[in-house]
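Peer 1: In the working numbering, the protein residues as written are 2 to 393.
Cβ atoms here follow ideal geometry from the backbone N, Cα and C, with glycine treated the same way.
Small disclaimer: the values here were computed from a predicted structure and weren't measured.
Here it is, the structure, as structure tokens.
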């Protein structure tokens with residue numbers, strides 16, 4: 002089975018897209034808690050499939066394991082040899098088959114299985130289960146298909162990738178093969194708890210763990226398995242659902258906040274409208290009061306008297322009009338009497354000199370009213386006589 006090229010293409014590709022040796026070693030430290038129980042047993046044999054530059058071999062060796070690595074890329078293996086690591090150029094399936102039943106404590110493969118055909122993956126599961134000692138475990142790390150950008154872009158950057166392996170499929174394959182326990186560990190993403198009000202759409206696409214690993218344990222005593230059950234109860238990393246739910250919570254919170262804010266704004270708008278209405282009504286009332294006041298001034302006795310005097314002076318200058326009005330009034334004795342009293346009242350005493358009723362000609366009219374109106378109606382003859390008097 003050949004999954005690596007014969008030149009240095011893959012070595013340089015991994016350097017550009019996976020990271021430096023120091024970065025990879027730092028990421029791999031996440032697995033130490035899962036390997037700690039293995040070191041309490043008598044078997045510390047570990048094999049790493051697709052060991053590459055040997056970062057994992059170097060790290061687990063420092064923890065106390067006896068590791069051996071297998072890879073097909075001589076460029077990668079040269080780094081292992083420089084560090085004195087136990088690494089060999091070999092087909093991984095053939096390498097696994099060379100180990101005896103129950104002779105290995107840990108089988109690991111980092112970003113390897115996505116390079117294999119599915120039938121080879123099934124063979125790998127079966128052979129690993131066979132060579133593991135009771136309580137031994139497998140660690141298979143692969144790109145996380147839950148990450149939107151991994152599935153749409155980064156997975157396909159590597160031309161040697163065959164197909165992605167969803168976490169659910171890996172977990173099922175472990176159960177199907179007979180492993181007692183298994184968990185999916187999500188790695189290299191945003192591990193901190195995300196607050197719903199701080200989650201952005203960016204997090205949905207970028208903060209999901211880009212890598213995931215299947216960790217499966219072979220059957221052993223209950224006390225031993227309980228150590229892993231406790232570890233497996235503490236999930237690491239976050240899947241897509243986690244950030245989608247947080248983002249949904251944020252949207253709901255934003256909607257509630259906007260609704261509350263709109264309600265506050267509506268209340269303020271209502272109060273503003275009420276104040277505007279009150280102001281308008283106040284101005285209307287003030288205007289009406291002013292008009293009433295002005296109207297009162299206009300309709301005051303003094304003002305009316307001035308108007309009446311102006312009218313009398315006006316008709317006095319129009320003989321025909323004066324004659325007509327006098328003739329008309331003569332047929333209404335009550336009106337004649339009222340006019341007489343009005344003319345004779347003291348209200349005239351306050352008028353200015355220009356409109357004085359003591360004008361000689363107007364005074365003749367007052368005397369005439371006094372002498373004749375209360376006794377008899379005007380006749381045409383009398384009206385004519387009096388008109389002639391006024392005209393003099």
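Return the chain-ordered ranges of every alpha helix (DSSP H) run that is complete within the stretch 218-246 and spans a minimum of 4 residues.
Peer 2: 223-233
Peer 1: Where does the unbroken beta strand (DSSP E) through residue 70 begin, and where does it stop?
Peer 2: 67-72
Peer 1: With DSSP as the reference, label residue 86 as helix, strand or coil.
Peer 2: For residue 86, the secondary structure class from DSSP, reduced to helix, strand or coil, is coil.
Peer 1: Have a look at the DSSP bridge pairing and note the partners of residue 44.
Peer 2: Answer is none; residue 44 lacks a bridge partner.
Peer 1: If you reduce the DSSP assignment to three classes, tell me which class residue 278 lands in.
Peer 2: Three-state DSSP puts residue 278 in a helix.
Peer 1: Would you call the stretch 71-84 and the stretch 105-112 in contact, with 3 or more CB pairs under 8 Å?
Peer 2: no
Peer 1: What first and last residue would you give for the beta strand (DSSP E) that runs through residue 124?
Peer 2: Here residue 124 belongs to no beta strand (DSSP E); instead the alpha helix (DSSP H) covers 119-132.
Peer 1: Could you tell me the alpha carbon to alpha carbon distance between residue 260 and residue 202, rounded to whole angstroms?
Peer 2: 21 Å
Peer 1: DSSP on residue 30, reduced to helix/strand/coil?
Peer 2: helix
Peer 1: Leaving out five residues before and five after residue 46 in sequence, what residues of the same chain have Cβ atoms less than 7 Å from its Cβ?
Peer 2: Closer than 7 Å at Cβ, skipping near neighbours: 67, 104, 105, 106.
Peer 1: Just to confirm, are residue 228 and residue 38 a CB contact at a threshold of 7 Å?
Peer 2: yes
Peer 1: With respect to the beta strand (DSSP E) encompassing residue 58, which residues constitute its N-terminal and C-terminal limits?
Peer 2: First-last for residue 58: 56-64, but that is the alpha helix (DSSP H), not the beta strand (DSSP E).
Peer 1: Can the beta-carbon of residue 240 be found less than 7 Å from the beta-carbon of residue 128?
Peer 2: Not closer than 7 Å, so no.
Peer 1: Run through the DSSP bridge pairs and tell me what residue 49 is partnered with.
Peer 2: According to DSSP, which records beta bridges pairwise, residue 49 is partnered with 70, 109.
Peer 1: How far does the beta strand (DSSP E) with residue 150 in it extend, from its first residue to its last?
Peer 2: Where residue 150 is concerned, there is no enclosing beta strand (DSSP E), although the alpha helix (DSSP H) it sits in stretches over 149-153.
Peer 1: Are three or more beta carbon pairs between the stretch 88-104 and the stretch 70-77 nearer than 8 Å?
Peer 2: yes
Peer 1: Using the DSSP secondary-structure output, state which residues sit across from residue 213 in a beta bridge.
Peer 2: 143, 187
Peer 1: Closer than 8 Å is the cut-off here; do at least three beta carbon pairs connect the stretch 134-146 with the stretch 111-120?
Peer 2: yes
Peer 1: In its own chain, which residues sit with a C-beta less than 7 Å from the C-beta of residue 359, not counting the 5 before and 5 after it?
Peer 2: Confidence in residue 359 is poor, its pLDDT being 42 and thus under 50, which makes the residue's placement too unreliable to answer from.
Peer 1: How do the stretch 172-179 and the stretch 242-256 stand: do at least 3 beta-carbon pairs fall below 8 Å, yes or no?
Peer 2: no
Peer 1: Is residue 349 helix, strand or coil when you go by DSSP?
Peer 2: Low local confidence applies: a pLDDT of 47 at residue 349 is under 50, so the model's placement there is unreliable, with the coordinate-based value given in what follows. Helix.
Peer 1: Mark residue 21 as exposed unless 16 or more other C-beta atoms lie within 10 angstroms of its C-beta, in which case mark it buried.
Peer 2: The residue in question, residue 21, is exposed, as its Cβ has fewer than 16 Cβ neighbours within 10 Å.
Peer 1: Thinking C-alpha only, which one of 167, 265, 139 is nearest residue 183?
Peer 2: 139
Peer 1: How about residue 276 and residue 244: do their beta carbons lie closer than 7 Å?
Peer 2: no
Peer 1: Answer yes or no: do residue 181 and residue 154 have a C-beta to C-beta separation smaller than 7 Å?
Peer 2: no
Peer 1: CA-CA distance, residue 223 and residue 215?
Peer 2: In this structure, the alpha-carbon of residue 223 lies about 21 Å from that of residue 215.
Peer 1: Assign residue 354 to buried or exposed, taking buried as 16 or more other Cβ atoms, counted over all protein chains shown, within 10 Å of its Cβ.
Peer 2: Legend: pLDDT at residue 354 = 44, less than 50; position of this residue unreliable, value from coordinates given subsequently. Residue 354 is exposed by the Cβ-count criterion.
Peer 1: Looking at residue 238: is its Cβ nearer than 7 Å to the Cβ of residue 210?
Peer 2: yes
Peer 1: In the DSSP assignment, find the unbroken alpha helix (DSSP H) run with residue 165 in it and report its ends.
Peer 2: Per DSSP, residue 165 belongs to no alpha helix (DSSP H) and is neither H nor E.
Peer 1: Going along the chain, which residues of its own chain have a beta-carbon closer than 7 Å to the beta-carbon of residue 84, five neighbours each way excluded?
Peer 2: 55, 59
Peer 1: What would DSSP say about residue 334, mapped onto helix, strand or coil?
Peer 2: helix
Peer 1: DSSP three-state label for residue 320, please.
Peer 2: helix
Peer 1: Find the nearest neighbour of residue 190 within the set 278, 264, 149, 230, judged by alpha-carbon distance.
Peer 2: 149
Peer 1: Counting C-beta neighbours from all protein chains within 10 Å, is the total for residue 263 16 or more, i.e. buried, or is it exposed?
Peer 2: exposed
Peer 1: DSSP beta-bridge partners for residue 182?
Peer 2: 218
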